[in-house]
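Colleague: Going down the list, the sequences are from chains A and B.
Just so we're aligned: the first sequence equals residues 59 to 375 in the numbering used here.
Just so we're aligned: the second sequence equals residues 31 to 372 in the numbering used here.
Take a look at this one; I'll ask things after.
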Amino acid sequence: MTVRSLVYGGLIGLLCGAWRGQVSADSPRTAAVGDGMAGESGVAASFTSGMVRAPFYTAAFPEVRSQVARPRLVRLAGHLGAPGSFRLEAQIAGTWSGVMQPAGSYLVESAWSNALLAVAHVGPSWQREAVRTQLILRLGVGIPTANASSQPGYLRQRVLAIANAMALWRDQELFTPGVLSLIPEASLTCSGSRWSLGATLKATAMARVSDARLPPERTRSAAFTPVLRLDTQVTPAGWPALRLAADVAANLPAPVRAVASTQFDLVQVSLSPGVRFGLPTFTHSTIAIDAAIPVSGPLWGTFAVGVLVEAHWFDEP
Amino acid sequence: VLGNFAWTSEAAAWRGHGIGLRPAHVLWLIGFTSACDAYFVCAPPDAHHVERLPERLSETGLYAGPEQITDTARAYRPRFEFWSDGASKRRWIWLPVGAQIDTSEADDWRFPEGTKFWKEFTRDGVRIETRLLQKTGPSEADWSAVAYVWRPDGSDAIAAPYGVVNAAGTAHDVPGAGECFACHGGRKSGALGFSLLQLAYPADEGNLDMRQLDDASLVSAQLPGEVTLPGDAIDREALGYLHGNCGHCHNQARPRTPGPRCYDPENALDFWLQLDRLGSVGDTPSYHSAAGTVIKPGRPGQSRLLQLVSRRDVFDHMPPLATEVVDQHGVAALRTWIAQLR
């Protein structure tokens with residue numbers, strides 16, 4: 059058993075140890091509207107399957123064009139309650155994908171993502187009539203575990219790039235190999251009995267700590283990648299909840315070659331319609347099914363879509 | 031079968047031949063998470079092998095100087111060429127000094143370690159790539175391959191281990207290194223176009239053929255200088271076409287290797303001609319395995335083989351990779367042949 063396996067095993071064990079409690083599998087640092095902060099601890103798993111069609115702009119594979127990939131992504135996330143309205147969060151993802159080669163054959167490769175650790179602070183909430191407003195602050199770090207093997211990882215780089223594209227570049231710190239990330243985040247949620255509105259701003263700063271086997275001229279030492287998410291959810295009949303999120307990911311980290319020459323092309327806008335519902339016999343869990351669709355930006359027209367199936371378990375509030 | 035059926039449809043649709051929801055797309059979506067064992071999945075290229083190959087074509091030993099092929103690389107042209115969407119090709123072989131090809135198995139030669147094959151592709155008047163296939167070790171599986179893409183100024187060509195789509199402004203796709211063995215992995219000899227049946231004919235001046243190989247003592251066992259395929263000219267053209275374009279996948283002597291199927295059809299079809307089965311058309315594996323199944327003698331319109339090779343745009347087609355244009359001449363030859371079969 060390698061040291062890396064032990065590290066990953068430990069992380070997964072930490073996640074499983076955080077069993078029970080509620081967490082968003084979409085990203086522990088971008089809690090969905092309506093998730094609130096119920097529970098002392100929780101664990102979540104999500105599975106995303108989708109299609110991605112290049113070109114999407116990657117460091118290692120500028121030559122990959124007009125190809126269709128079918129990535130699958132599993133995210134494991136968890137949080138653990140801590141004193142003083144704080145909680146500890148962790149996330150890691152594994153991805154695998156078949157990648158179409160120029161002559162038409164496929165290669166299948168898998169890769170781990172970076173590991174993310176975060177501290178969340180449940181800020182004060184305000185109740186005015188039937189509307190409750192909640193502020194949550196997070197500070198996370200991304201540990202460069204993605205493609206950290208000493209073995210040649212050209213294909214793993216590509217698989218990570220594909221998963222990154224399917225995630226619509228909203229979680230660059232998860233899929234960018236060779237970088238150490240600092241991830242401050244703030245989210246504000248207003249919720250009523252059958253609706254909620256939320257805004258989350260994540261301002262990831264990444265510093266390159268290894269070349270991750272990328273060509274030197276295609277990397278840069280630092281990047282800043284803010285992501286804004288606007289999220290709304292309504293529950294018209296009590297079950298299920300309908301959800302729509304819009305994400306704007308800006309200043310995509312190098313190396314990104316703009317489709318056109320304007321800076322606007324460095325902004326990726328995407329929509330995520332979805333539905334969430336509980337299970338009758340598992341009252342401490344919810345299931346979410348979301349799509350992820352680019353509506354402008356570099357991914358627009360290149361086709362990237364994913365369907366997320368998410369399950370999470372949580373303590374009684 | 032599902033993977034083949036569904037995937038080829040998807041590939042055709044996304045390659046710009048029309049996007050529309052077809053039944054195959056639904057099947058493809060159903061099989062969404064089962065791609066790993068599908069026949070169109072190949073193993074990644076052995077990175078260590080690929081990295082050992084030179085980065086530039088000029089370093090592979092083919093050239094003695096700019097545009098000057100080295101004297102020790104010998105040109106050849108197989109009798110039954112693989113269709114490459116109309117690209118014109120030049121080929122060379124280089125054998126280590128003093129080495130011989132083990133031809134004790136007439137239909138599956140063994141090449142000495144260090145053997146190199148090059149194949150240069152020109153399309154629409156543009157020299158695009160030169161592929162290198164090199165025997166890097168003593169065992170049958172010890173082959174490495176990579177394509178070198180020519181610079182626009184023609185000064186050199188650079189290794190492209192992950193290939194290029196629509197290279198040099200043409201419709202030609204340069205394959206990734208792992209893709210080479212979708213075809214070349216179909217026979218244990220590795221080199222498909224350099225074999226007894228491909229060289230046992232009087233070649234054009236400047237190209238190697240069996241007699242020259244024998245005269246130069248480059249083969250270990252004496253083999254016939256000429257081999258005539260059975261039947262009339264129509265039979266010979268069709269059998270040769272199937273041998274050169276289909277036989278490397280559709281044969282019953284495909285080496286078993288670990289990993290994904292990589293275009294192993296896993297069916298009983300066999301279009302690989304064998305020296306000891308050329309007594310008559312009916313004696314060939316091609317006729318034996320295909321007549322009554324994918325070939326309906328006398329009825330080309332009902333023959334699935336002809337349907338598959340006649341299209342590139344809907345559902346499944348053949349060959350399944352490395353071609354986007356139908357070989358009209360080849361299709362006509364097959365149609366004529368099937369029509370005259372009884």
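The beta-carbon is built from N, C-alpha and C at its ideal position, and this holds for glycine as well.
What residues match up with residue 355 of chain B in a beta bridge as DSSP calls it?
Modeller: Answer by DSSP bridge pairing: none, since residue 355 of chain B is not bridged.
Colleague: Output, in chain order, the set of chain A residues within a Cβ distance shorter than 7 Å of residue 151 of chain B.
Modeller: Simply none; closest approach about 12 Å.
Colleague: Tell me residue 129 of chain A's beta-bridge partners as DSSP assigns them.
Modeller: Paired residues: A:155.
Colleague: What does residue 167 of chain A reach in chain B if we use C-beta pairs closer than 9 Å?
Modeller: Result: 74.
Colleague: Who pairs with residue 369 of chain A in a beta bridge, going by DSSP?
Modeller: Answer is A:103, A:345.
Colleague: What do you reckon, are the CB atoms on residue 317 of chain B and residue 259 of chain B nearer than 9 Å?
Modeller: Contact flag unset, no.
Colleague: Name, going along the chain, the residues of the segment 291-305 of chain B whose beta-carbon falls closer than 9 Å to a beta-carbon of chain A.
Modeller: Those would be 292, 293, in chain order.
Colleague: Give me the chain B residues within the contact set of residue 160 of chain A, using Cβ-Cβ distance strictly less than 7 Å, ordered along the chain.
Modeller: Ordered by position in chain B, the residues that pass the 7 Å Cβ test against residue 160 of chain A are 193, 194, 195, 203, 204, 205, 206.
Colleague: If you run the structure through DSSP and keep just helix, strand and coil, what is residue 152 of chain B?
Modeller: DSSP places residue 152 of chain B in strand when its eight states are reduced to three.
Colleague: When you compare the segment 166-186 of chain B with the segment 138-146 of chain B, are there three or more beta-carbon pairs, one atom per stretch, that lie closer than 8 Å?
Modeller: Output reads yes: the segment 138-146 of chain B touches the segment 166-186 of chain B.
Colleague: Comparing C-alpha positions only, which one of A:149, A:358, A:247, A:264 sits nearest to residue 184 of chain A?
Modeller: Comparing Cα positions, the closest option is A:247.
Colleague: Just to confirm, is the Cβ distance from residue 198 of chain A to residue 167 of chain A under 9 Å?
Modeller: No.
Colleague: With distances taken from CA atoms, which of A:219, A:306, A:135, A:245 is nearest residue 179 of chain A?
Modeller: Comparing Cα positions, the closest option is A:245.
Colleague: Please report the residue range of the beta strand (DSSP E) in which residue 192 of chain A lies.
Modeller: Per DSSP, residue 192 of chain A belongs to the beta strand (DSSP E) from 189-201.
Colleague: Confirm, please, whether the CB-CB distance from residue 222 of chain B to residue 257 of chain B is below 9 Å.
Modeller: Contact flag unset, no.
Colleague: I'd like to know whether the C-beta of residue 260 of chain B is nearer than 9 Å to at least one C-beta of chain A.
Modeller: Judged by the 9 Å Cβ criterion, residue 260 of chain B is not in contact with chain A.
Colleague: When the Cβ atoms of the segment 224-243 of chain A are set against those of the segment 254-265 of chain A, are three or more pairs found closer than 8 Å?
Modeller: Contact holds: three or more Cβ-Cβ distances are below 8 Å.
Colleague: Excluding the five sequence neighbours on either side, which residues of its own chain have a C-beta within less than 6 Å of the C-beta of residue 216 of chain B, listed in chain order?
Modeller: The residues are 278, 279, 284.
Colleague: So which residues of chain A does residue 352 of chain B contact, with C-beta pairs closer than 7 Å?
Modeller: The answer, in chain order, is 161, 162.
Colleague: Assuming residue 107 of chain B contacts residue 244 of chain B under a Cβ cut-off of 8 Å, what Cβ separation, rounded to an integer in Å, is found between them?
Modeller: 18 Å between Cβ atoms; not a contact.
Colleague: Is the shortest distance between the beta-carbon of residue 147 of chain B and the beta-carbons of chain A less than 9 Å?
Modeller: Output row for residue 147 of chain B: interface = no.
Colleague: With a threshold of 6 Å on Cβ separation, who are the neighbours of residue 338 of chain B within its own chain once the five nearest residues in sequence on each side are excluded?
Modeller: Same-chain partners within the cutoff: 347, 348.
Colleague: So which residues of chain B does residue 357 of chain A contact, with C-beta pairs closer than 9 Å?
Modeller: In chain order: nothing, as chain B lies at least about 16 Å away.
Colleague: Which residues does DSSP pair with residue 325 of chain B in a beta bridge?
Modeller: DSSP, once it has assigned bridges, lists B:321 as partnering residue 325 of chain B.
Colleague: Identify every residue that forms a DSSP beta bridge with residue 351 of chain A.
Modeller: Looking at the DSSP assignment, residue 351 of chain A forms a beta bridge with A:329.
Colleague: Residues of the segment 99-127 of chain B with a CB closer than 9 Å to any CB of chain A: list them in chain order, please.
Modeller: For the segment 99-127 of chain B, which is checked against every Cβ of chain A, not one residue is closer than 9 Å.
Colleague: According to DSSP, which residues form a beta bridge with residue 264 of chain A?
Modeller: In the DSSP output, where bridge partners are listed per residue, residue 264 of chain A has A:239, A:281.
Colleague: How is residue 167 of chain A classed by DSSP in three states: helix, strand or coil?
Modeller: Three-state result, residue 167 of chain A: strand.
Colleague: Could you check if residue 233 of chain A is buried or exposed, using at least 16 other CB atoms within 10 Å of its CB as the buried criterion?
Modeller: Buried, because 16 or more other Cβ atoms sit within 10 Å of the Cβ of residue 233 of chain A.
Colleague: Using 8 Å for Cβ pairs, my map puts residue 236 of chain A next to residue 268 of chain A. What's the rounded Cβ distance?
Modeller: That pair is a contact at about 4 Å.
Colleague: Select from B:150, B:157, B:172, B:238 the residue whose C-alpha is nearest the C-alpha of residue 199 of chain B.
Modeller: Checking every option, the nearest Cα to that of residue 199 of chain B belongs to B:157.
Colleague: Pull up the DSSP beta-bridge partners for residue 109 of chain A, would you.
Modeller: Answer by DSSP bridge pairing, in chain order: A:363.
Colleague: So residue 152 of chain A contacts chain B; which residues on that side make the cut at Cβ distance below 9 Å?
Modeller: Within 9 Å Cβ-Cβ: nothing; residue 152 of chain A doesn't reach chain B, min ~14 Å.
Colleague: Determine the burial state of residue 297 of chain A: buried for a count of at least 16 other Cβ atoms within 10 Å of its Cβ, exposed for fewer.
Modeller: It is exposed - the Cβ of residue 297 of chain A has fewer than 16 other Cβ atoms within 10 Å.
Colleague: Any idea what DSSP makes of residue 80 of chain B, helix, strand or coil?
Modeller: DSSP places residue 80 of chain B in helix when its eight states are reduced to three.
Colleague: Return helix, strand or coil for residue 366 of chain B, following the three-state DSSP convention.
Modeller: Helix at residue 366 of chain B.
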